[in-house]
Every structure is written in C-alpha cells, then in structure tokens.
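Novice:
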Amino acid sequence: MKLNLVLLSILLLGVIPKTDAAVSSCDLMNSMFGWMSHKLCDTECRVMGHDSGDCEYRQNQWVCVCS
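Per my numbering, the very first residue in the sequence shown carries number -13; after that it's consecutive.
1. Can you tell which of G39, N46 and N16 has its C-alpha closest to the C-alpha of H24?
2. Under 8 angstroms between the Cβ atoms of S11 and E42?
3. Going by alpha carbons, who is nearest to S53 out of M18, V33, S17 and W21?
4. Taking the alpha helix (DSSP H) that G20 falls in, what are its first and last residues?
5. From M22 to D37, what does the alpha carbon distance come to, in whole angstroms?
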C-alpha cells in the first residue's frame, strides 16, 4: 500500500512541457530508482493520452517528455 501512495504522489506531480523545467517523475534518474523513472514517465504520458514518454536530460536536469 505504501508503494501505491508513492507512485500516486509521483503521478500527481504531473508531466512537464518540453520547454519547462520543474519536478517530475524523472528526478529519480540519478538514484538507484532510475529504472523506475522511465516507467513512471511513460505511464504518466499514456494516462494523459500520449503514445509514450521518456526521461531526457535537459537544462542540467532530467525531465519527462511525452511523444
């Protein structure tokens, strides 16, 4: 149950536009949970109706980019 709450809170942070920089699911990229960041980003984008999503390194930080 605790893991579900963590995932939900991460999803609630939302996906940021390609040109904006803010907190996203990809903030975990530099930790031992980096593998999970790609999955969370992809899931967030799919929930919002996009085909896929991936973490990209932009402006000195990881951001979730939907495509």
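Ideal placement from N, C-alpha and C gives every residue a C-beta, glycine not left out.
Specialist: Let me spell this out:
1. Here the closest residue by C-alpha is G39.
2. No, they are not a contact pair.
3. For the residues M18, V33, S17 and W21, the minimum Cα distance to S53 belongs to V33.
4. Taken as a continuous stretch (DSSP letters only), the alpha helix (DSSP H) holding G20 covers G20 to V33.
5. When rounded, the distance between both Cα atoms is 18 angstroms.
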